[in-house]
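Notes follow the structure.
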Amino acid sequence: MPMPLPERAHRWRGFLPIAVLALAAVLIPAGVLAAKPPPPLPVDIQILNVSDWHGNVDPPSSAGGAWNISARWKVDRLAKPTLTLTAGDDFGASPPLSSFFDEAPAVQAERLMGIQVNTFGNHDFDRGIAHLQSMIDLAGAPSTGTAGAHPGEPFRYVAANLSNVDSNLTGVDPFAFFKVGGAKVAVIGIVNEEAPTLVSPGNFGTMVVTDGVTAANKSSTRT
Numbered sequence: 000m001p002m003p004l005p006e007r008a009h010r011w012r013g014f015l016p017i018a019v020l021a022l023a024a025v026l027i028p029a030g031v032l033a034a035k036p037p038p039p040l041p042v043d044i045q046i047l048n049v050s051d052w053h054g055n056v057d058p059p060s061s062a063g064g065a066w067n068i069s070a071r072w073k074v075d076r077l078a079k080p081t082l083t084l085t086a087g088d089d090f091g092a093s094p095p096l097s098s099f100f101d102e103a104p105a106v107q108a109e110r111l112m113g114i115q116v117n118t119f120g121n122h123d124f125d126r127g128i129a130h131l132q133s134m135i136d137l138a139g140a141p142s143t144g145t146a147g148a149h150p151g152e153p154f155r156y157v158a159a160n161l162s163n164v165d166s167n168l169t170g171v172d173p174f175a176f177f178k179v180g181g182a183k184v185a186v187i188g189i190v191n192e193e194a195p196t197l198v199s200p201g202n203f204g205t206m207v208v209t210d211g212v213t214a215a216n217k218s219s220t221r222t
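For the sequence shown, numbering that gives the first Met the number 0 begins at 0 and goes up steadily by one.
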């Protein structure tokens with residue numbers, strides 16, 4: 000789950016109080032000037048999320064689909080500062096429109112939908128480490144606009160409870176930071192712990208899925 004980290008809002012206003020204090024310093028006792036600053040202002044943000052999307056680029060029924068979700072999210076983003084994410088299984092067990100093309104349409108659609116960060120579910124490992132790396136690379140590639148192989152905007156994958164990840168995958172961090180409405184927000188990725196038992200042997204390479212709660216708590220102390 001995303002973990003908001005408060006940060007003092009409206010930093011640009013700091014210049015005016017500093018100038019005023021400098022002028023008043025000769026009149027105000029030092030003990031008063033040493034008073035604690037006011038607490039940071041609260042920040043109201045929203046999180047848009049779709050999970051277990053499984054490359055349903057077209058709506059599987061009367062709801063969903065990349066174009067439908069994207070259009071709704073564009074309206075939602077007008078209301079508040081927004082972080083847009085998904086939580087694994089964004090491809091794998093996909094309909095032919097994605098699976099027949101090595102799942103690339105799923106990730107390309109996510110770039111166009113405005114996904115900013117993602118983690119892994121067991122289905123992301125269905126085709127093994129080499130395929131997963133190609134999807135990570137596709138997600139993070141610089142944008143080519145609305146056309147070409149890299150449409151939309153890049154996004155990243157995070158996973159805090161995968162040991163030995165650096166020996167198997169590149170471009171994966173335990174967590175990622177985002178500025179949302181002036182607040183600093185950390186997103187920690189957690190892979191479902193039973194994932195290795197749900198895919199073919201060897202599909203995780205030499206990575207091991209560790210306890211998610213322990214990994215999340217450890218990462219939270221570093222954010």
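We treat Cβ as the ideally placed atom computed from N, Cα and C, and that holds for glycine.
- Secondary structure of Gln-115, DSSP reduced to three states: For the purposes of this step, residue 115 is identified with residue 116 of the sequence shown, where counting begins at 1. Here Gln-115 sits in coil by DSSP.
- Query: Thinking just about the alpha-carbon of each residue, which of Phe-154, Val-190, Pro-195 is nearest to the one in Ala-108?
  - Reply: Translated into the one-based positions of the sequence shown, residue 108 becomes position 109. The option with the nearest alpha carbon to Ala-108 is Phe-154.
- Determine contact between the stretch 193-201 and the stretch 163-179, defined as no fewer than three beta-carbon pairs at a distance below 8 Å. The stretch 193-201 makes no contact with the stretch 163-179, as fewer than three CB pairs between them are under 8 Å.
- Message: Taking DSSP's pairing of strands, which residues face Phe-124 in a bridge?
- Response: Taking the sequence shown and counting its residues from 1, the one referred to as residue 124 is at position 125. According to DSSP, which records beta bridges pairwise, Phe-124 is partnered with nothing at all.
- For the beta strand (DSSP E) holding Val-157, just list the boundary residues, first then last. The count along the sequence shown starts at 1 and reaches residue 157 at position 158. Membership of Val-157 in the beta strand (DSSP E) is indicated by the continuous run 155-157.
- From this set, Ser-142, Met-112, Gly-91, which residue's C-alpha is nearest Asp-75's C-alpha? For the purposes of this step, residue 75 is identified with residue 76 of the sequence shown, where counting begins at 1. With distances taken between Cα atoms, Asp-75 lies closest to Met-112.
- Residues that DSSP places opposite Thr-83 in a beta bridge: As a position in the sequence shown, residue 83 is number 84, starting the count at 1. In DSSP, Thr-83 forms a bridge with Leu-47.
- Query: Asn-202 by DSSP, collapsed to three states: which one?
  - Reply: Position 203 of the sequence shown, counted from the first residue, corresponds to residue 202. Looking at Asn-202 - three-state DSSP - the assignment turns out to be coil, as it is neither helix nor strand.
- Can we say the stretch 166-173 touches the stretch 79-93, given the rule of at least three CB pairs closer than 8 Å? Contact fails between the stretch 166-173 and the stretch 79-93, because fewer than three Cβ pairs, one in each stretch, are under 8 Å apart.
- Task: Measure how close the beta-carbons of Asp-210 and Asn-160 come, nearest whole angstrom, since I'm counting them as under 8 Å.
- Result: Translated into the one-based positions of the sequence shown, residue 210 becomes position 211. Translated into the one-based positions of the sequence shown, residue 160 becomes position 161. The distance from the Cβ of Asp-210 to that of Asn-160 is about 7 Å, consistent with a contact at the 8 Å cut-off.
- Task: Using three-state DSSP, classify Lys-35 as helix, strand or coil.
- Result: For the purposes of this step, residue 35 is taken as the residue at position 36 of the sequence shown. In the three-state reduction of the DSSP assignment, Lys-35 falls in the coil class, being assigned neither a helical nor a strand state.
- Anyone know if the C-beta pair for Pro-292 and Ile-44 falls short of 7 Å? Residue 292 lies beyond the stretch modelled for the chain, which goes from 0 to 222, so this question has no answer here.
- Select from Gly-144, Pro-200, Gly-127, Ala-105 the residue whose C-alpha is nearest the C-alpha of Val-49. Residue numbering aside, residue 49 sits at position 50 when the sequence shown is read from its first letter. Ranking Gly-144, Pro-200, Gly-127, Ala-105 by Cα distance to Val-49 puts Ala-105 first.
- Nearest CA to the CA of Val-208: which residue from Gly-120, Lys-73, Arg-126? By one-based count along the sequence shown, residue 208 stands at place 209. Of the candidates Gly-120, Lys-73, Arg-126, the one whose C-alpha sits nearest the C-alpha of Val-208 is Gly-120.
- Query: So is Pro-173 buried or exposed if we call it buried at 16+ other beta carbons inside 10 Å?
  - Reply: Your numbering for residue 173 matches position 174 in the sequence shown. Buried, since its Cβ has 16 or more Cβ neighbours within 10 Å.
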